[in-house]
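Worksheet: the structure to be examined is printed underneath.
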Amino acid sequence: MRAAIYLRQSEDRLDDRRAIARQLADCEALAERAGCTVVGTYVDNDKSASSGKPRPEWDRMLESLGRNEFGVLICWHTDRLYRRLRDLVDLVELAETRSLRILAVNAGDIDLTSPAGRMLAGMLGSAARYEVEQKSVRQRAANRQRAERGISIWTRRPFGFDRDGHDVRIVPAEAKEIRDAAKKVLAGHTLASITRDLNGRGVRTTLGHPWTVTALRRVLTNPRVAGRIVYNGEAYGDAPWKPIVQPAEFDRLTAMLRDPKRRLTNDTRLKHWLSGALICEADESRMYATIAWTRTGTKYHVYQCKKCKRTRKLADVDALVEGVILGRIESEDVASLLGVKPDVMELQAEVDELRSRRDGLAALLADGLLSPDAVREQAQKLGHRIDVLERSISRALGDSPVADLADAPDVRAAWSELGAKQRRAVAETLVEIRILAAGKGTRFDPGTVRIEWKA
Ligand SMILES: [Zn+2]
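Take a look at the structure:
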């Protein structure tokens, strides 16, 4: 009887090559014991059968089988024969019209011409598949170990970092941007303003995209910037690299940024909510709160233009703008200002899931379970979906301080509880206010305050 030997090594390591030589000898011995003449030997090198990569020798072997050049297929172990059920299907289809016997050095022989043999082969195929899955479990465990040792496992280079081989190094120019942004957040700047500044200066993400509030928040809240290793939410201690942001600073930063209502935290330095938000219509300069005195020596607050010194009584402007804004928020069309508010927690959970799936791609690639092209395609798909979701999240919280207010059962009661910075955020989202020249007389004229809606 004529026989073919098929062997496969999963990795081109020296010891594996030795193993192949041993396996070949075992198979030849088996052929001799079974009284077969070996007419062909097929060895696929360094190709993982489960990755879907081409296996030229496997294909050649099937072609030879198709030409009835042999009736016995000898392998060392059936799991070395077909790691995918697809391979098994190809083999079974060919074998069905022939009388193919499979002899394995390390597993029972399989007669693919009998139903029992095909069932056994199917089970062995599933067993092989199970082993592949176990392998990816082991891969995840290996990732964890790498995380513990401080080795990065990112699929896409994080801003501020790069690697030399397995060693993570800091990219100084990007680290400086991170540090500056962190300082600004701690000083009360909004992520939106920092994002605008980055984009204005042409600073790009590691993918070459303009910054978004969400992307910036993600960079600033990642423990790696504080020199900490966290993998799947678990802390693994200090990283081998130096912190870009000092850990104490980082903790304050994340406390601020992770709070969805962070725009609604009080900033004691801002006493008057429209200070710096008003624009003097005469010269487009900002107007700030300051103190003035009546002729009789009574102190009161005014908003004053930095340039031309135009002033308007603070209490009057505040009351007017407040009335206009709350009137709008209470009205129904505020929903159109904000868009539909999705369930943020649900969106975030989905983003986390997609993100961990994307991280998992690196492991599948490393393990040869996916080809680089397949990984790229999957990563792009996942990345696109993540971007879409994050924009929704951004709209739902980070970028619309009005949302919480609009959601409150009693808008005015909610407003009365807001501090100056919170009110300011609401005003800046909704309106642009210009102070026109005052008419004659001392009476406040609401017509001299021009309120324009941003949306
Ligand atoms: Zn002015």
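Taking full-length UniProt numbering, the leading residue of the sequence shown gets 1, the next gets one more, and so forth.
For glycine and all other residues, C-beta sits at the position ideal for the given N, C-alpha and C.
From a predicted model like this one, the values you see are computed outputs, not experimental measurements.
### Query
Does the distance from the CB of Ile178 to the CB of Ile244 come in under 7 Å?
In the sequence shown, the residue the question calls residue 178 occupies position 178. In the sequence shown, the residue the question calls residue 244 occupies position 244. In this structure, Ile244 lies closer than 7 Å to Ile178 by Cβ.
### Task
Flag this pair as touching only if the segment 22-34 and the segment 59-66 have three or more C-beta atom pairs under 8 Å; answer yes or no.
The segment 22-34 makes no contact with the segment 59-66; the number of CB pairs closer than 8 Å stays below 3.
### Message
Going by DSSP in three states, Lys313 sits in which element: helix, strand or coil?
### Response
Residue mapping note: residue 313 aligns to position 313 of the sequence shown, counting from 1. Correct three-state label for Lys313: strand.
### Message
Mapping the DSSP letters down to three states, classify Arg55 as helix, strand or coil.
### Response
Position 55 of the sequence shown holds residue 55. Arg55 falls in the coil class under three-state DSSP.
### Task
Using 6 Å as the cut-off, classify the Cβ of Arg310 as near or not near the heavy atoms of ligand 1, replying yes or no.
Looking up residue 310 in the sequence shown gives position 310. For ligand 1, at least one heavy atom lies less than 6 Å from the Cβ of Arg310.
### Message
For a test of your reading of the model: does the CB of Ala282 fall under 6 Å from any non-hydrogen atom of ligand 1? Yes or no.
### Response
As a working mapping, residue 282 is identified with position 282 in the sequence shown. Flag set: Cβ of Ala282 near ligand 1.
### Message
Alpha carbons only, please: which of Ala226, Thr254 and Leu253 is nearest the one belonging to Gln246?
### Response
The residue given as residue 246 occupies position 246 in the sequence shown. Nearest C-alpha to Gln246: Ala226.
### Query
Looking at Tyr300 and Val317, is the spacing between their C-beta atoms short of 7 Å?
In the sequence shown, residue 317 corresponds to position 317, counting from 1. In the sequence shown, residue 300 corresponds to position 300, counting from 1. Not a contact, by the Cβ cut-off of 7 Å.
### Start and end residues, alpha helix (DSSP H) containing Trp415
On the sequence shown, residue 415 is found 415 positions in, with the first residue counted as 1. Boundaries of the alpha helix (DSSP H) harbouring Trp415: Val411 to Ser416, taken from the DSSP string.
### Query
By how many angstroms is the C-alpha of Glu322 removed from the C-alpha of Ile291?
Taking the sequence shown and counting its residues from 1, the one referred to as residue 291 is at position 291. Taking the sequence shown and counting its residues from 1, the one referred to as residue 322 is at position 322. Taking the straight line from one Cα to the other gives about 21 Å.
#### Entry: As assigned by DSSP and simplified to three states, the class of Thr212
Counted from its first residue, the sequence shown places residue 212 at position 212. In this structure, Thr212 counts as coil in the three-state DSSP scheme.
### Task
Compare the C-alpha of Ala3 against each of Val411, Arg22, Ile74 and Asp59 and name the closest.
Here residue 3 refers to the residue found at position 3 of the sequence shown. Ranked by Cα distance from Ala3, the options Val411, Arg22, Ile74 and Asp59 are led by Ile74.
### Task
Would you kindly work out how many angstroms separate the C-alpha atoms of Lys184 and Ala420, rounded to a whole number?
In the sequence shown, counting from the first residue as 1, residue 184 sits at position 184. In the sequence shown, counting from the first residue as 1, residue 420 sits at position 420. The straight-line gap from Cα to Cα measures roughly 19 Å.
### Task
Mind reading off the beta-carbon distance from Ala175 to Gly160? Whole number of angstroms is fine, and I expect it under 8 Å.
As a working note, residue 175 is residue 175 in the sequence shown. As a working note, residue 160 is residue 160 in the sequence shown. Confirmed, Cβ separation roughly 5 Å.
### Secondary structure of Ile244, DSSP reduced to three states
As a first step, residue 244 must be located in the sequence shown, where it is residue number 244. Per DSSP, reduced to three states, the secondary structure at Ile244 is coil, with no helix or strand assignment.
### Message
If I measure Cβ to Cβ from Asn242 and keep anything under 8 Å in the same chain, skipping five residues before and after, which residues do I get?
### Response
Residue 242 sits at position 242 when you count from the first residue of the sequence shown. A quick correction: the sequence has Lys, not Asn, at residue 242. Excluding residues within five positions, the ones whose Cβ falls inside 8 Å are Ile170 and Gly227.
### Query
Is the Cβ-Cβ distance between Ala277 and Ala427 less than 7 Å?
Here residue 277 is taken as the residue at index 277 of the sequence shown, counted from 1. Here residue 427 is taken as the residue at index 427 of the sequence shown, counted from 1. Yes, Cβ-Cβ distance for Ala277 and Ala427 is below 7 Å.
#### Entry: Reduced DSSP category for Met1 - H, G, I as helix; E, B as strand; rest coil
As a position in the sequence shown, residue 1 is number 1, starting the count at 1. Coil.
### Task
Look at the alpha carbon of Lys306 and the alpha carbon of Arg286, and state the distance between them as a whole number of angstroms.
Position 306 of the sequence shown, counted from the first residue, corresponds to residue 306. Position 286 of the sequence shown, counted from the first residue, corresponds to residue 286. When rounded, the distance between both Cα atoms is 6 Å.
### Task
Kindly indicate which residue of Lys271, Leu347 and Leu191 has the alpha-carbon position closest to the one of Ala424.
By 1-based counting over the sequence shown, the position of residue 424 is 424. According to the sequence shown, residue 424 is Arg rather than Ala. It is Lys271 whose Cα lies nearest to the Cα of Arg424.
### Message
Output needed for Leu186: all residues of its chain with C-beta closer than 8 Å, excluding positions within five of it in sequence on either side, in chain order.
### Response
By one-based count along the sequence shown, residue 186 stands at place 186. Around Leu186, the same chain offers Glu249, Arg252, Leu253 and Met256 as residues with beta carbons nearer than 8 Å, after the five sequence neighbours per side are excluded.
### Query
Is Glu353 helix, strand or coil by DSSP?
On the sequence shown, residue 353 is found 353 positions in, with the first residue counted as 1. Glu353 carries a helical assignment under DSSP once its states are collapsed to helix, strand and coil.
### Query
Buried or exposed: which applies to Leu7, given that a residue is buried once 16 or more other Cβ atoms fall within 10 Å of its Cβ?
Within the sequence shown, the letter at position 7 stands for residue 7. By the 10 Å Cβ count, Leu7 comes out buried.
### Message
Between which residues of its own chain and Ala239 is the CB-CB distance below 8 Å, once the five residues before and five after are set aside?
### Response
Translated into positions along the sequence shown, residue 239 becomes position 239. Once the five neighbours on either side are set aside, the close Cβ partners of Ala239 are Gly150, Val168, Arg224, Gly227, Arg228 and Ile229.
### Task
Select from Ile5, Arg204, Ala19 and Asp26 the residue whose C-alpha is nearest the C-alpha of Val39.
If you number the sequence shown from 1, residue 39 lands on position 39. Its Cα nearest to that of Val39, the residue Ile5 stands out among Ile5, Arg204, Ala19 and Asp26.
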